[in-house]
Structures are given as structure tokens and as C-alpha cells.
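Report on the structure given below.
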Amino acid sequence: MPELPEVETVCRGLAPRLVGRRLARVELRRQGLRVPFTPGMAERLSGRSVTALWRRAKYIVMCMEDGAAAIIHLGMSGRMVITESPAGAPGRHDHVILTTDDGAIVTFNDARRFGVMVLCEERDLTTHPLLAGLGPEPLSDDFTPALLSARLARKITPIKAALLDQTVVAGLGNIYVVEALFQAGISPLRSAASVAGAGAELLVPAIRRVLQAAIAAGGSSLRDYVQASGELGYFQHSFAVYGREGLACPGCSCDPAVTGGIERLVQSNRSSWWCPRKQG
DNA sequence: CGGCAAACCTGCGAGC
DNA sequence: TGCTCGCAGGTTTGCC
Numbered sequence: 233m234p235e236l237p238e239v240e241t242v243c244r245g246l247a248p249r250l251v252g253r254r255l256a257r258v259e260l261r262r263q264g265l266r267v268p269f270t271p272g273m274a275e276r277l278s279g280r281s282v283t284a285l286w287r288r289a290k291y292i293v294m295c296m297e298d299g300a301a302a303i304i305h306l307g308m309s310g311r312m313v314i315t316e317s318p319a320g321a322p323g324r325h326d327h328v329i330l331t332t333d334d335g336a337i338v339t340f341n342d343a344r345r346f347g348v349m350v351l352c353e354e355r356d357l358t359t360h361p362l363l364a365g366l367g368p369e370p371l372s373d374d375f376t377p378a379l380l381s382a383r384l385a386r387k388i389t390p391i392k393a394a395l396l397d398q399t400v401v402a403g404l405g406n407i408y409v410v411e412a413l414f415q416a417g418i419s420p421l422r423s424a425a426s427v428a429g430a431g432a433e434l435l436v437p438a439i440r441r442v443l444q445a446a447i448a449a450g451g452s453s454l455r456d457y458v459q460a461s462g463e464l465g466y467f468q469h470s471f472a473v474y475g476r477e478g479l480a481c482p483g484c485s486c487d488p489a490v491t492g493g494i495e496r497l498v499q500s501n502r503s504s505w506w507c508p509r510k511q512g
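Under this note's numbering, the first residue of the first sequence carries the number 233, and numbering increases by one thereafter.
This is the structure:
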């Protein structure tokens, strides 16, 4: 599910209800997700106040008054949803339930259990194995064409795979890589190194525009994703190519009945969609 | 080291 | 209706 815009949207929904509140109750309903929960995690969090909640790449970081920090990843199907009162028995995939001192209930639900929630010390966040190797934030000022070029240089792998690599740039997933390559007019098949330079000049603003538009739309809801409020995102209605095999390319006037329209291919086990006429 | 396929786990839609 | 297959927003592991 969640790429940078979805995680950002979830954080913006959670922060006003969690920051400054005390976690009156922390319930773990299984031993862990993709990795085990940190031993003693519920006890360490409960009774403590949340001091900050922010996003890094696709991770949610929740800092506590005693110096603890929770690192949360939503995997493919994870949701963090706020409700105001208990909705009966917990659902089958409700794995973590936080209750604040003012009665908000935050449920971490994850059907596929590819998600993660672990605890560390806030002072150790930058060196934590989950966060240490991450590349630049694509919406930050230091994500420049020069920086991206340097990270793509000498890479023989396709640009599609390079942009999915979280050490190259943090937070992009399949949807937004596919859409950004289309907006930049760059074929997903080109080698990463060949995109350094002029290609990166196009790609950096394309990535920024796509991510900002998606955040403004509350993310993309395909299957599992919902905002913290439970509302759907609606950026999926703005996809130019993602999931649109055989349909007309919005960037050229060719007839899909003649050209075949948008095409799908598989690269490193992930689907790519692209317009061979617009993306050289 | 670099790059790719497979694995992790569940649910859903398509097709028979 | 019900089964099987393929596919899904991510990351890690293991193999060449």
C-alpha cells in the first residue's frame, strides 16, 4: 500500500490526535509482524506522552517523553486508523491498539503482516538499521538533480529498479516511480547511469510534482489504504499510466486501438506501465 | 558488490 | 456456487 504520500497523509492525520497525549493503554494482539515486536514495548509506551510524530521515507516515527521512539512501517497492507470509541471486538488483523488519555483509539491493522513496529531510543534513530541507509527525502531541498545523478552514476540496473531502491532516494514505491518516469518522459528500461545528468534534471521535478499532487489528494487508495480518519485517498483517479494497460496515453494523441496504448512490462518482479512513444 | 527471483502472508477478482 | 490462479502499494534473503 503505502508509499511516501500515503504515509505522509497518515502522519498528518495521527499527529494532531497523538502528539501531546498520553498513551493510556497499549495492546499488542500478537508477537510481532514482519519482525517481532521489541520486548517490553507495550510496557515502555503505556502511560507515557507522545512528544512528536513524523515521517522518514515510508516509516512513521513516534517519539515519547522518556526518550523512546517507535518506528512503524505499514508494509503492503498496513493501516493506522483513529476511532473515537471501541468498535466492538477487535478485527482479525488489528495487531496493535493504542488508546490515548482523551479517548482516541489508534488501531494498527495489517492483513498481510509485512508491517513493522519496533522500539528504540530517540537518540539512536539516525543509526538504527531500518533508517540509517535511507537515501534523501525527495521533497527536501537537498534532493537535487546533481545529488540524484551522483547516486545513479555507474549503475547498470534499470532506472525503474534504481528509483525503487530506498538507498538511492527514500519513499518512492511502484506507483510513484511509474508515474514519475512517465511525467519525466523517461523509459523504465533505460539504465540508471544513462539517466544521470539531463535525465535527472527532468526526473527530480517530476518526482516532486507527483508526490506533492498525491499528498494533496490524500494518497492513492487501491485496495487497503485509508487515511487515519478512515477516508479514502483519491490520487488513483489521477494516474496517467499506472494500471492502465491498453488505455490511451494522456501525453500523446495516438489511438490505442492502433498503437496498443499504454504497455505493461515486468521488471525485477514488479509491474511497470509506460507509453513507448512518450518515454524514450 | 550488483542484480534478480523468491519468500514472507492474506485477500480479492477473474476465469473456469 | 466454488475452486484455482494470478496479482497486489514493500523489504529482505539468498543465489549467481
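Yeah, the Cβ is synthetic: ideal placement off N, Cα and C, and Gly gets one too.
Rounded to whole angstroms, what's the CA-CA distance from residue i to residue j? Just pull it up for me.
i, j, result
"T389", "E275", "45 Å"
"V239", "I292", "7 Å"
"M273", "A300", "10 Å"
"P482", "A472", "6 Å"
"H327", "D456", "15 Å"
"G310", "C295", "20 Å"
"T283", "D298", "9 Å"
"L421", "P234", "24 Å"
"R249", "Q459", "13 Å"
"Y474", "D373", "27 Å"
"A430", "A424", "12 Å"
"S461", "P237", "15 Å"
"R257", "Q468", "36 Å"
"R262", "A378", "45 Å"
"S452", "Y466", "5 Å"
"K387", "E369", "20 Å"
"F346", "G493", "34 Å"
"R344", "H325", "8 Å"
As a quick exercise: from the options, pick the residue whose alpha carbon is nearest that of residue i.
i, options, result
"S187", "E495, G323, L443, G335", "Residue coverage of the chain in this structure runs from 233 to 512, which leaves residue 187 outside it and unanswerable."
"V350", "H305, L497, G429", "H305"
"T339", "F346, C352, G323", "G323"
"V313", "V242, R253, P361, P437", "V242"
"L395", "E297, V436, R249, R244", "V436"
"V251", "L236, R280, F269", "R280"
"Q444", "S419, A412, R355", "A412"
"G307", "V410, V267, E463", "V267"
"L260", "L236, D342, P237, V442", "D342"
"T491", "E477, S500, R262", "E477"
"W286", "R244, Q263, T270, A319", "R244"
"L371", "D397, S419, R253, R441", "R441"
"L277", "C352, F346, R344, Y466", "C352"
"G335", "P318, L464, E463", "P318"
"S500", "R345, C486, D397, R344", "D397"
Report back the beta-carbon spacing between residue i and residue j to the nearest angstrom; my notes put them in contact at under 8 Å.
i, j, result
"L479", "P488", "6 Å"
"L434", "G417", "7 Å"
"I447", "L404", "In fact, because the Cβ distance is near 13 Å, the residues do not count as touching under 8 Å."
"L255", "L330", "6 Å"
"C507", "F375", "So it is not a contact: roughly 25 Å between Cβ atoms."
"L362", "I303", "6 Å"
"C484", "R502", "That belief does not hold up - the Cβ atoms of C484 and R502 are roughly 24 Å apart, past 8 Å."
"R355", "G367", "Not confirmed; about 22 Å, so no contact."
Mind checking whether residue i and residue j have CB atoms under 7 Å apart?
i, j, result
"A402", "A289", "yes"
"V348", "L454", "no"
"A428", "A393", "no"
"A321", "S381", "no"
"T332", "G365", "no"
"G512", "S419", "yes"
"T359", "I337", "no"
Report the residue ranges of all alpha helix (DSSP H) runs contained in full by the region 362 to 386; include only those spanning at least 4 residues, in chain order.
Whole alpha helix (DSSP H) segments, 4+ residues: 377 to 384.
Jot down the residue ranges of each uninterrupted beta strand (DSSP E) in the region 257 to 337, minimum 3 residues, whole runs only, in chain order.
Complete beta strand (DSSP E) runs here, min 3: 282 to 288, 291 to 296, 300 to 305, 310 to 315, 326 to 332.
Which runs of the alpha helix (DSSP H), 4 residues or longer, sit entirely within the region 406 to 467?
406 to 416, 424 to 427, 430 to 448
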